[in-house]
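Engineer: The structure that follows is given in the form of structure tokens.
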Amino acid sequence: MDDDARATAREGFLTALASDAAATSDASEARAVAAFARTAARSSRALEALALARVSLALEAKKRERDARAEACARRERATNEAQRRARADVGRFEAFVRENEVKRQSALRRAKEEREANEARDARLTEMRWSLRERASAGASVEEELGRVRVFEWFLARVAEEAARGNAFEDIADVLGRHDTLQRTYESLRASVVESNERVEATRAAHERAVKHMEEERLAATASVARLRQQDEDLKRENGRLQQEAAYRARAMVEKVRGLAEAKMAVRNLACRCSRDNRAYGGDASLSRELDFVEERARVLREIAHAATSDVA
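Numbering-wise (UniProt numbering), the sequence shown opens with residue 1 and increments by one.
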């Protein structure tokens, strides 16, 4: 729209310029105006051609862009259609898979139901057969018991016939019943004896258990007493050791004291001897001897006491 307006305005300007040139009186000016008008017209046509070329180029670019977009849309549509086709194919396969699984599930459920019904029927049949076997076993036991009773009579009749054929006489019924009563009383007596023996055995067992329990208690008490006596023995040993140490200490002290007295006595005797040698006129030998004898006696007594203490410690 802008290009058309500009072209229209340009044509109007050139037309007005040509009319002005025609109205001009001067021929040279008219020629100049006409030349300018022709030049302007040619320039206008060139500009129009250039504008048209530009418009054509823009149109071609738009066409190419449109074709490219159309091609891209077509490719995208084809890709979308292909994806939809694959999706429909996948959906179809999945639906077929689901239908197949459903068919398999229904078949498995049907087989499981049939197997369950068959198992229930088999269990019922087995229960019925077991009940029938129990009834038959009970009936067989009854028949065996009845057969045993019948065989007793058969054995009795066979024996009667055999004894009768041999000419032997049977006992009377009263004798048989009497012997049965005797056997019954003997059985009851033996049963009472067995009960009494069991009672005596039970009493003996209870007495034995009490004796064992009493002996166990005595053993536990003796064990406790032994442990207590051992503890007392250990205490006495420790006390004896302590007393022995004290006695040994006292004996060593007494020995040291006796040794000191003996050394003092020897020193006094030696001193007295030196004094008597140095002072011949000293007349106290008798009193000194008595003093020394007294000291020696005391030392002897102390030695005896120390010896006695040492012997007591040993």
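Here a beta-carbon is modelled for each residue, glycine too, at the ideal position from N, C-alpha and C. Computed from a predicted model, the values in this text were never measured in an experiment.
Measure the CB-CB distance between K265 and L302 and report whether it falls below 8 Å.
Structural biologist: On the sequence shown, position 265 is the one that residue 265 refers to. On the sequence shown, position 302 is the one that residue 302 refers to. Cβ distance not < 8 Å, so K265 and L302 don't count as in contact.
Engineer: Excluding sequence positions up to five away, which residues of its chain have a Cβ less than 7 Å from the Cβ of E135?
Structural biologist: As a first step, residue 135 is located in the sequence shown; it is residue number 135 there, counting from the start. Hits under 7 Å: none found.
Engineer: Is the beta carbon of L261 closer than 8 Å to that of R298?
Structural biologist: Sequence index remark: in the sequence shown, residue 298 carries index 298 (1-based). Sequence index remark: in the sequence shown, residue 261 carries index 261 (1-based). Result yes, Cβ atoms of R298 and L261 sit closer than 8 Å.
Engineer: Can you give me the Cβ contacts of A267 inside the same chain, cut-off strictly under 6 Å, excluding the 5 residues immediately before and after it?
Structural biologist: One-based indexing of the sequence shown puts residue 267 at position 267. Cβ neighbours of A267 beyond the five flanking positions: none.
Engineer: Keeping to the same chain, check which residues put their C-beta closer than 6 Å to that of A87; ignore five residues upstream and five downstream.
Structural biologist: The residue you call residue 87 lines up with position 87 of the sequence shown. Sequence-distant partners of A87 (beyond 5 residues in either direction) whose C-beta falls short of 6 Å from its own C-beta are missing from its chain.
Engineer: L50 to S56, Cα distance in whole Å?
Structural biologist: Here the question's residue 50 lines up with position 50 in the sequence shown. Here the question's residue 56 lines up with position 56 in the sequence shown. Each residue's Cα considered, the two are about 10 Å apart.
Engineer: Could you check what DSSP says for A21 in three-state terms: helix, strand or coil?
Structural biologist: Sequence index remark: in the sequence shown, residue 21 carries index 21 (1-based). Residue confidence for A21 is low, a pLDDT of 49 falling below 50, so the modelled location carries little weight and cannot support an answer.
Engineer: Using 7 Å as the cut-off, classify the Cβ of A247 as near or not near the heavy atoms of the ligand MN, replying yes or no.
Structural biologist: As for the ligand MN, it is missing from this structure, which has no ligand bound.
Engineer: Mind checking A89: buried by the 16 CB within 10 Å criterion, or exposed?
Structural biologist: If you number the sequence shown from 1, residue 89 lands on position 89. With fewer than 16 other Cβ atoms within 10 Å, it is exposed.
Engineer: By the 10 Å Cβ neighbour count, where 16 or more other Cβ atoms means buried, how is A227 classified, buried or exposed?
Structural biologist: Taking the first residue of the sequence shown as position 1, residue 227 is located at position 227. The residue in question, A227, is exposed, as its Cβ has fewer than 16 Cβ neighbours within 10 Å.
Engineer: Measuring straight from C-alpha to C-alpha, what distance separates R274 and E296?
Structural biologist: As a position in the sequence shown, residue 274 is number 274, starting the count at 1. As a position in the sequence shown, residue 296 is number 296, starting the count at 1. Spanning the alpha carbons of R274 and E296 requires a straight line of approximately 19 Å.
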